[in-house]
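Working notes for the structure below.
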Amino acid sequence: MKALKLGFMGVVTVLMLVPMYLLVVNAFKAQQDIVTDPFSLSPDLLTTEYLGKALSNPDFDIVKGYAVTILFVVLVNVLSVLLAGPVSYVISRRTRRPYRMLLLLFVAGTFIPSQVLLIPVVYTLKFLGLMNSIPGFVLFETALTLPFSVFLYTGYISTIPRSLDEAATIDGAGAHRTFWSVIFPLMRPVVATMVILNTFSVWNDFANPQIILGPSSGLYTITTGIYAAVGEYSTDYTVVFPTLLLAAAPPLIAFVLLQRYIIGGLSTGAVKG
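Below, the structure written as structure tokens:
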């Protein structure tokens, strides 16, 4: 049985690593070498020329793409914390049935793919005049982060003793001040986890910015910019692979460095709910 598990894990690992291998290796090859021998790792075929060209691609300013994406990441994370934190605190500290139902409503939201919501969201944003705008996109992305954030925050806050709330109340602090001054500083592990996960989500998102922002906005995230850089009638792999590598490298490196914090925050928040 153990051998079967190890074999299955080995197959899954290979299936996950092969695409990454192809991405990294082919980012340093010429078009003909990519087409004829995509798996080759021969040093004679590798060059950094195309990686440099990707950084100065006239069809897509990747530095601007980084800046736009980072802006969205920061705005979404700030709004997500400001909204999900207080809501989770209220839910975790109330035992009445309506608050339990509210938590279930947020949990149900984690099972709805964002692509299913795109059509009604587009109509709503058009009605509000927020289509093809930064506020419209940021609000939608923030809304997508709320279900899982509320679920995780609620579970974590439930592990914090209520005696801290009572002590703050005796000192004259209201609910708002109690949360931000007493409870929120203790939530740093789970908040850090959600910030990392939300960052990955916004960074890797393609469909939502492609549709909500659209070409008319003139704003391209790191993923939509890659699509814009691809030719309409032909594919230049010496553009696609290096640009994909530059787009995927930051979150991949961040995940490798921060994975223990992600797992630690998720497991801590799941202790009690």
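Quick note on the working numbering: the sequence shown kicks off at 15 and runs consecutively. We treat Cβ as the ideally placed atom computed from N, Cα and C, and that holds for glycine. Remember, predicted model here, so these are calculated numbers, not experimental data.
Reduced DSSP secondary structure (H/G/I, E/B, other) of Thr173:
Within the sequence shown, residue 173 is the residue found at index 159, counting from 1. If DSSP states are grouped into helix, strand and coil, Thr173 belongs with coil.
Where the alpha helix (DSSP H) through Phe86 begins and ends:
Walking along the sequence shown from the start, residue 86 turns up at place 72. That run of the alpha helix (DSSP H) goes 76-107.
Can you tell which of Ser94, Thr124, Val209, Ser172 has the C-alpha that lies nearest to the C-alpha of Leu153?
By one-based count along the sequence shown, residue 153 stands at place 139. Closest option to Leu153, Cα to Cα, is Ser94.
Would the beta-carbon of Val216 be found less than 7 Å away from any heavy atom of the ligand SAM?
Inclusion of the ligand SAM in the displayed structure is not the case, the ligand content being empty and no account of it being possible.
May I have the straight-line CA-CA distance separating Leu178 from Ser195, to the nearest angstrom?
Position 164 of the sequence shown, counting from 1, holds the residue named residue 178. Position 181 of the sequence shown, counting from 1, holds the residue named residue 195. Take the alpha-carbon of Leu178 and the one of Ser195: they are about 11 Å apart.
Quick one, are the C-beta atoms of Thr237 and Asn218 less than 8 Å apart?
Here residue 237 is taken as the residue at index 223 of the sequence shown, counted from 1. Here residue 218 is taken as the residue at index 204 of the sequence shown, counted from 1. Their beta carbons are under 8 Å apart, which means Thr237 touches Asn218 by this criterion.
Determine the direct distance from the alpha carbon of Ala68 to that of Ser163, and round the result to whole angstroms.
In the sequence shown, residue 163 corresponds to position 149, counting from 1. In the sequence shown, residue 68 corresponds to position 54, counting from 1. Whole-angstrom Cα-Cα distance: 36 Å.
Looking at C-beta atoms only, is the number of pairs between the segment 147-161 and the segment 122-131 that lie closer than 8 Å three or more?
Cβ pair count under 8 Å is three or more, so yes.
Tell me which same chain residues have a C-beta within less than 6 Å of the C-beta of Val87, skipping the five on either side of it?
The residue labelled residue 87 in the question sits at position 73 within the sequence shown. Thr213, Val216, listed in sequence order.
Does the segment 247-266 come into contact with the segment 40-48, if we say contact requires no fewer than three beta-carbon pairs (one atom in each stretch) closer than 8 Å?
yes
Nearest-angstrom Cα separation, counted from Glu155 out to Ile197:
Counting from 1 along the sequence shown, the entry for residue 197 is found at position 183. Counting from 1 along the sequence shown, the entry for residue 155 is found at position 141. One C-alpha to the other measures close to 26 Å.
Do Val121 and Phe165 have their beta-carbon atoms positioned less than 8 Å apart in this structure?
Taking the sequence shown and counting its residues from 1, the one referred to as residue 165 is at position 151. Taking the sequence shown and counting its residues from 1, the one referred to as residue 121 is at position 107. Pairing Phe165 with Val121 gives a Cβ-Cβ distance under 8 Å.
In terms of residues, what are the limits of the alpha helix (DSSP H) holding Thr50?
Taking the sequence shown and counting its residues from 1, one reaches residue 50 at position 36. That run of the alpha helix (DSSP H) goes 45-50.
Touch test, the segment 179-191 against the segment 53-70, Cβ-Cβ under 8 Å, three pairs minimum
no
For Pro115, count the other beta carbons within 10 Å of its own beta carbon; 16 or more makes it buried, fewer makes it exposed. Which is it?
If you number the sequence shown from 1, residue 115 lands on position 101. Position check: residue 115 holds Met in this sequence, whereas Pro was assumed. That one is exposed.
Can you give me the C-alpha to C-alpha distance between Pro199 and Thr192, rounded to a whole angstrom?
Here the question's residue 199 lines up with position 185 in the sequence shown. Here the question's residue 192 lines up with position 178 in the sequence shown. Going by the C-alpha atoms only, they are around 10 Å apart.
Under the rule that 16 or more other beta-carbon atoms within 10 Å means buried, what is Gly143, buried or exposed?
Taking the first residue of the sequence shown as 1, we reach residue 143 at position 129. That one is exposed.
For the alpha helix (DSSP H) containing Gly21, list its first residue and its last residue.
Along the sequence shown, one-based indexing puts residue 21 at 7. Gly21 -> alpha helix (DSSP H) spans 16-40.
Note down, in chain order, each residue of its chain lying with its Cβ closer than 6 Å to the Cβ of Val104, except the 5 sequence neighbours on either side.
Residue mapping note: residue 104 aligns to position 90 of the sequence shown, counting from 1. Answer for Val104: no residue qualifies.
In the segment 190-262, which residue ranges form an unbroken alpha helix (DSSP H) of at least 4 residues, counting only runs that do not cross its ends?
Fully enclosed alpha helix (DSSP H) runs of 4 or longer: 202-218, 221-226, 236-243.
Using a 10 Å radius around the Cβ and a threshold of 16 neighbouring Cβ atoms, would you call Met30 buried or exposed?
As a first step, residue 30 is located in the sequence shown; it is residue number 16 there, counting from the start. Met30 is exposed by the Cβ-count criterion.
Can you tell me whether Ala221 is buried or exposed? The criterion is at least 16 other CB atoms within 10 Å of its CB, across all chains shown.
Counted from its first residue, the sequence shown places residue 221 at position 207. So Ala221 counts as exposed.
On the three-state DSSP scale, how would you describe Ser163?
Indexing the sequence shown from 1 puts residue 163 at position 149. When DSSP states are grouped into helix, strand and coil, Ser163 belongs to the helix group.
Would Val32 be called buried (16 or more neighbouring beta carbons within 10 Å of its own) or exposed?
In the sequence shown, counting from the first residue as 1, residue 32 sits at position 18. The residue is exposed, with fewer than 16 neighbouring Cβ atoms inside 10 Å.
What is the rounded straight-line gap between the Cα of Tyr293 and the Cα of Asn91?
The question about residue 293 has no answer, for the chain in this structure spans 15 to 287.
Please work out which residues of its chain come closer than 8 Å, Cβ to Cβ, to Thr65, disregarding the five sequence neighbours upstream and downstream, and give them in chain order.
The residue given as residue 65 occupies position 51 in the sequence shown. Here the sequence assigns Leu to residue 65, which means Thr is not the residue at that position. Around Leu65: Ala41, Phe42, Pro256, Leu259, Leu260.
On the three-pair Cβ rule with 8 Å, is the segment 223-231 touching the segment 135-150?
yes
Indicate the three-state DSSP secondary structure (helix, strand or coil) for Val285 in the structure shown.
Walking along the sequence shown from the start, residue 285 turns up at place 271. Model confidence at Val285 stands at a pLDDT of 46, short of 50, so the residue's coordinates are unreliable; what they give is reported in the following sentence. In this structure, Val285 counts as coil in the three-state DSSP scheme.
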